[in-house]
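Beneath this line is the structure, given in structure tokens, with notes to follow.
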Amino acid sequence: MSVTVFIRYQLDPFKRAQFEEYSKRWLTIIPRCGGELIGYFMPHEGTNNIAFGLISFASLAAYESYRKTLRADLDGVANFNYAEAEKFILAEERTFLRQVVL
1 MSVTVFIRYQ LDPFKRAQFE EYSKRWLTII PRCGGELIGY FMPHEGTNNI AFGLISFASL
61 AAYESYRKTL RADLDGVANF NYAEAEKFIL AEERTFLRQV VL
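For what it's worth, UniProt numbering labels the leading residue of the sequence shown as 1, then goes sequentially.
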């Protein structure tokens, strides 16, 4: 059974450009580390401080393997450090979803 990680970010609305840069960096890092990136989604109209990321995996075990690989990836570590230094992410929630199929 595949799982999709739905990440909800609460952003500093005055630092959306930094979050967009952070998201763009993940576009190459996540696939390299084993995730199937569906995408990152930025605020456009309406609420200006909520963004989303969706990444799929073959299983929860594959997700756990990805997390280990990601924490050892130099670009991944640099991106985590960038987010921490710039403080544009105020809160982050992860929900694990499965697709409904017949």
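Ideal Cβ positions, reconstructed from N, Cα and C, are used throughout, including at glycine.
(request) Please go through the same chain and pick out, in chain order, the residues whose beta-carbon is closer than 8 Å to the beta-carbon of F52, but skip the five residues on each side of it. (result) F6, I7, R8, Y9, Y40, F41
(message) I need the boundaries of the beta strand (DSSP E) containing Q10, first residue and last residue.
(response) 3-11
(message) The beta strand (DSSP E) that contains S56, what's its start and end?
(response) 50-57
(message) Strictly by DSSP, which residues pair up with G39?
(response) Answer by DSSP bridge pairing, in chain order: L54.
(request) Compute the beta-carbon to beta-carbon distance between N79 and I29, rounded to the nearest angstrom, for a pair I have assumed lies under 8 Å. (result) 7 Å
(request) Within its chain, find whatever has a CB closer than 8 Å to the CB of E92; leave out the 5 residues flanking it on each side and keep chain order. (result) I7, R8, Y9, Q10
(request) Compute the Euclidean distance between the alpha carbons of V77 and R16, then round it to the nearest angstrom. (result) Near 20 Å, if we compare the C-alpha coordinates of R16 and V77.
(request) Would you mind stating whether S2 and F57 have Cβ atoms separated by less than 8 Å? (result) In this structure, F57 lies closer than 8 Å to S2 by Cβ.
(request) With distances taken Cα to Cα, identify the nearest neighbour of A85 among Q18, P13, F14, T4. (result) Q18
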